[in-house]
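Student:
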Amino acid sequence: MSTLSELFLTYQSLIGFVGIDALLALSVYATLCCGQLSLANAGFMAIGAYAAAILTFHTKLPFAAVLLASALAPAAFAVPLGLPVLRLRGVFLAIATIGFGEVVRLALVNWDFTNGALGLVAIPQRAGLLTIYLILGIALFFFARLRGSKLGYALDSIREDETAARTMGINTTLAKLSMFVFGAALAGVAGGLEAHFTFMVAPSGYSFSRVVDMLVYAVVGGVATYVGPPVGAAFMTLLPEVLRGLGESVGLGPGPLRLFVSGAILLAVVLFLPNGIVSLPLLVAAVRMRRQRG
Amino acid sequence: MGQQAINGIFLGSIYALFAVGYTLVFGVLDIINLAHQAVFMLGAFFALVLVGTLHVSIAVALPIAVLFSGALGILLDRIAFRPLRGRADSNLAGLITSIAVATLFEAIALQLFGPDTSRFPFGTFPERRLQVGAAVVSTLQLGIVAISVVLMVILTYLLRRTRLGRQIRAVAESPRAARILGIDVDRVIAASFFISSALGGAAGVLFALAFNSLSPDVGRSVELKGLAVIILGGMGSVPGAVLAGFAIGLIEVFTVAYLGSSYRDAVSFAVLFSVLLIRPRGLLGRAALREA
Amino acid sequence: MLLALDGVERAFGGLRAVDGASFSVREGEIHGLIGPNGAGKTTLLNLISGLLRPTSGSIKLGDRRIERLPPHKITALGISRTYQNIRLFPALRAVENVIVGEHLVRSAPLWRRLLFLPAAREEEHTARSRALSLLERVGVRERAGARARDLSYGEQRRVEIARALASDPRVLLLDEPTAGMNAAEVSAVAALIRQVATEGHSVLLVEHNVRLVMEVCQQITVLNFGKVIADGTPQAVAQDPAVIAAYLGNEP
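Residue numbers (the working numbering), protein chains in the order written: chain A, 20 to 313; chain B, 36 to 327; chain C, 32 to 283.
1) Which chain A residues are close to R255/B, counting only those with a beta carbon under 9 Å from its beta carbon?
2) K195/A: buried (16+ other C-beta within 10 angstroms of its C-beta) or exposed?
3) So V274/C and L235/C are in contact, right, with Cβ under 8 Å, and what is the actual spacing, rounded?
4) If you count every other CB in all the chains shown that lies within 10 Å of the CB of I67/B, and 16 or more means buried, which is it?
5) Do the CB positions of G35/A and R178/A come within less than 8 Å of each other?
6) Taking the alpha carbon of Y298/B as the point to measure from, which residue in L58/A, R124/A, I73/A, T50/A has its own alpha carbon closest?
7) Can you grab the Cα-Cα spacing for the pair A100/B / F81/B, in whole Å?
8) Given 8 Å as the limit, is there contact between the stretch 46–62 of chain B and the stretch 223–234 of chain B, that is, 3 or more CB pairs closer than that?
9) So which residues on chain B does I117/A lean against when the C-beta distance must stay under 8 Å?
10) If you measure from the beta carbon of R99/C to each beta carbon in chain A, is any gap under 8 Å?
11) How far does the beta strand (DSSP E) with S53/C in it extend, from its first residue to its last?
12) Mapping DSSP to helix, strand and coil, what is N116/C?
13) Just to confirm, is the Cβ distance from G138/A to P222/A under 8 Å?
14) Which runs of the alpha helix (DSSP H), 4 residues or longer, sit entirely within the stretch 198–229 of chain C?
15) At which residues does the alpha helix (DSSP H) containing G178/B begin and terminate?
16) Based on DSSP bridge pairs, tell me the residues matched to N62/C.
17) Between which two residues does the beta strand (DSSP E) holding E154/C run?
18) Quick check on DSSP: helix, strand or coil for A43/C?
19) Please list, in chain order, all residues of the same chain as L257/A whose beta carbon is under 8 Å from its beta carbon, the five residues on each side excluded.
20) Which whole-angstrom value describes the C-beta separation of A219/C and V171/C, a residue pair presumed to lie in contact below a C-beta threshold of 8 Å?
21) Distance cutoff 8 Å, beta carbons only. Does H134/C sit that close to anything in chain A?
22) Closest Cβ-Cβ distance between N129/A and chain B: below 8 Å?
23) Hey, quick one: how far does the alpha helix (DSSP H) through K260/B stretch, first residue to last?
24) Taking C-alpha atoms, which residue in E191/C, S233/C, A222/C lies nearest to Q115/C?
25) Of all the options G43/B, G47/B, N42/B, A40/B, which has the alpha carbon lying nearest to the alpha carbon of V264/B?
26) When you check each C-beta in the stretch 105–126 of chain C against every C-beta of chain A, which residues fall closer than 9 Å?
27) Roughly how many angstroms lie between the CA atoms of G240/A and A238/B, to the nearest whole one?
28) Taking C-beta pairs closer than 8 Å, name the residues in chain A that V136/B reaches, listed in chain order.
29) Taking Cβ positions only, does A329/B come closer than 8 Å to chain A?
30) For G101/A, report the span of its beta strand (DSSP E) as first-last.
31) Given that S80/C touches chain A, what residues does it touch there, using C-beta distances under 8 Å?
32) CB A184/A to CB T192/A, shorter than 8 Å?
33) Assuming F160/B contacts I224/B under a Cβ cut-off of 8 Å, what Cβ separation, rounded to an integer in Å, is found between them?
34) Could you check which residue in L127/B, L249/B, R222/B has the C-alpha nearest to that of A73/B?
35) How many angstroms separate the CA atom of G78/B from the CA atom of T88/B?
36) Run through DSSP, which three-state label would I117/A get?
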């Protein structure tokens with residue numbers, strides 16, 4: 020019987036990670052959907068995670084309040100960061116946000132209050148599958164209602180041609196900043212959830228690789244709609260588990276296998292399926308239609 | 036103080052060598068090649084295999100590793116960048132495909148060499164300590180600085196005095212105009228990748244020798260510092276990358292000496308932010324970097 | 032005077048793209064802006080719409096100086112435009128492009144949508160039908176669902192005009208709206224411009240098609256090398272020796 024409960028526990032944590040990764044993918048999508056590549060979200064996630072952990076250890080706040088704080092804390096940083104940085108051209112925005120993420124990580128490595136590089140452990144598990152998926156549901160609801168709204172149209176237009184959008188009367192700086200802050204809040208709450216799901220926070224969990232993972236989830240899933248990033252997150256999180264047996268039979272260690280599969284899928288998607296996994300049904304349908312005709 | 040300066044120049048020469056390849060590709064393609072650090076790493080491992088397993092001397096292994104890295108660069112261009120030519124989203128897509136290939140390269144290294152630190156065998160590079168005024172310099176440090184400088188001089192000569200160099204600069208200026216002039220843009224880009232990756236691989240070997248450690252994730256931290264260097268120097272400017280590489284090396288060493296080692300990496304990012312917010316084009320870069 | 036330019040100058044390095052330009056546009060007027068290639072017409076439109084700042088001089092809308100305002104504020108004050116190279120949002124459908132143009136006239140707080148309030152659904156419905164009727168006006172209603180990048184050149188130009196009208200502007204800046212159109216399409220655009228002016232919008236029309244400009248405009252400003260060389264009625268301008276000299280040796 021202990022193996023059964025072990026099995027459930029394993030899958031439970033995997034399903035939890037899928038939910039958290041889906042939130043992270045959506046946090047990157049928040050800025051990608053208006054054409055901005057921001058790679059700051061590992062830093063925002065770290066701020067949210069640490070804020071939540073500190074509040075849990077040092078206060079008696081209910082978990083809902085802790086999660087709210089984990090969303091608001093990074094959002095507060097996102098405003099002064101976003102204002103100067105969102106004016107930069109594409110690749111420079113990416114670099115500036117990478118820089119921010121690294122600065123946060125380095126600051127945490129050097130912060131004695133939270134044990135520096137060792138981080139905080141034994142955080143009580145206050146986040147369960149229900150909480151994670153409830154928050155994911157709320158996030159998805161927001162994105163669903165955003166589509167087709169006045170702000171949603173504004174974001175689409177900024178993505179397509181920001182200069183033209185400005186002459187339509189759209190305050191593009193404000194629109195971009197809103198999504199930047201929203202993405203920061205999402206990443207922060209995902210961090211808070213993860214901290215209370217995996218019992219620990221440490222700076223090494225919020226490195227540049229982390230935000231690259233988030234970007235990969237979003238791109239692999241497809242960034243044309245908000246459905247893509249969660250699908251991508253699920254795919255990329257579950258795939259290594261599915262392939263684990265295969266890897267062992269071929270003699271590949273789990274580490275290299277995971278990386279190899281990750282890289283290969285990412286490359287294949289960008290080159291052959293630029294609108295991500297969610298565009299696959301459309302592609303299949305189009306090919307089928309063409310076959311029927313010709 | 037003199038000792039710090041020497042250490043700074045030594046560190047800076049490696050940063051400069053790494054950054055020069057980074058900025059060359061950006062100048063030509065307008066894309067950040069995030070696989071540069073993976074070539075940096077694989078080039079070093081290749082040299083390690085030559086020296087450690089095949090007992091080739093470092094003097095022979097280094098040039099071979101450099102050529103190998105250049106070849107990796109051409110492969111990289113073929114699979115990650117060339118298929119995207121002409122696509123509207125090529126900048127973002129190129130960034131992501133370079134991440135993909137970097138991941139693949141890292142996977143290969145991890146499988147072949149494991150996650151732990153590898154080292155060049157003792158005695159790979161004859162080490163002696165020399166006294167220069169009040170400072171101490173090792174022959175290894177001198178060798179690394181010398182090799183870096185030589186490679187950067189060769190690159191400068193190549194860019195300024197050869198036909199290929201002129202073509203590279205033309206494509207960097209405007210690929211469309213270059214094509215109209217009859218330049219084979221794809222071939223020039225492939226050549227740029229060869230050069231860029233060859234230098235990146237060289238930087239990797241020197242780095243592994245300098246710090247006596249090498250692992251599949253060694254490229255990660257250098258990559259981010261490399262970003263700070265090319266931003267400071269000016270994106271696309273080779274002389275800028277050289278200048279900035281040495282500058283950051285010196286800044287880093289002096290920061291550690293006077294503020295402590297915990298600020299070591301942070302200072303590069305402080306420089307990065309300051310440059311982006313005050314003068315985004317860096318020291319020697321072209322203007323027009325903000326959106327309208 | 033609705034729109035007044037006074038001594039507007041814009042230099043790029045040593046080159047004066049616009050050199051002391053002064054002219055005005057009245058309410059309901061169709062005002063032409065012509066000149067040989069490179070005369071500075073598009074630069075002027077960029078200055079008026081706020082994409083560029085003048086190095087000196089002033090631009091007034093009503094009695095409000097606008098030359099230092101950001102583009103979105105200038106549009107909010109009632110100036111909208113089309114582009115010489117057509118800048119529609121390629122992946123968006125024609126009707127969606129026009130809906131974006133309505134941004135300023137929509138009052139649609141997001142929270143209403145979040146709560147599924149009927150007011151929100153009504154508002155979207157209104158926005159959409161308004162966009163469709165604008166497309167009808169410019170004659171491309173049947174292409175409403177096509178993505179902008181799939182439209183023909185002439186269709187794109189007309190959608191862009193519809194989009195510019197969507198914000199109900201006081202002044203409409205048109206940058207070569209009939210480039211690449213055939214005679215029938217040009218007449219349709221001419222009729223549209225006249226109708227728009229009758230409804231109270233002023234139009235500043237930049238054009239290479241001098242005949243169209245002569246037919247449709249009440250006032251014409253002629254630009255050459257960034258300077259205003261003539262400013263008056265079509266008849267006066269057509270006989271102005273400076274204008275004739277500027278166009279001799281250039282394509283009419």
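Ideal Cβ placement from N, Cα and C applies to all residues, glycine included. All values reported here derive from a predicted model rather than from experimental measurement.
Tutor: So, to answer that:
1) S226, F227, S228
2) buried
3) The pair is not a contact, with the Cβ atoms about 18 Å apart (cut-off 8 Å).
4) buried
5) no
6) R124/A
7) The straight-line gap separating the alpha-carbon atoms of A100/B and F81/B is approximately 6 Å.
8) yes
9) Result: L259, L262.
10) Output row for R99/C: interface = no.
11) 46–56
12) In the structure shown, N116/C sits in coil (DSSP, three-state: anything other than H, G, I, E or B).
13) Going by beta carbons, G138/A and P222/A fall inside the 8 Å limit.
14) 214–229
15) 174–196
16) The sequence given here has His at residue 62/C, not Asn. H62/C pairs with L235/C, Q250/C.
17) Segment 149–168 is the alpha helix (DSSP H) holding E154/C; no beta strand (DSSP E) there.
18) Note on identity: in this sequence residue 43/C is Phe, with Ala being the wrong assignment. Three-state DSSP puts F43/C in a strand.
19) L33, V37
20) At roughly 11 Å, the Cβ-Cβ gap does not stay under 8 Å, so A219/C and V171/C are not in contact.
21) yes
22) yes
23) Secondary structure note for K260/B: its alpha helix (DSSP H) is the uninterrupted segment 253–268.
24) E191/C
25) G47/B
26) Among the residues of the stretch 105–126 of chain C, those with a Cβ less than 9 Å away from any Cβ of chain A are I105, T106, A107, I110, S111, R112, Y114, R118, L119, F120, P121, A122, L123, in the order of the chain.
27) 36 Å
28) G282, L286
29) It is not possible to answer for residue 329/B, since the shown part of chain B is limited to 36 through 327.
30) For G101/A, there is no enclosing beta strand (DSSP E); the enclosing alpha helix (DSSP H) has its first and last residue at 82–104.
31) T186
32) no
33) About 34 Å separates the two Cβ atoms, so there is no contact after all.
34) L249/B
35) 15 Å
36) Looking at I117/A - three-state DSSP - the assignment turns out to be helix.
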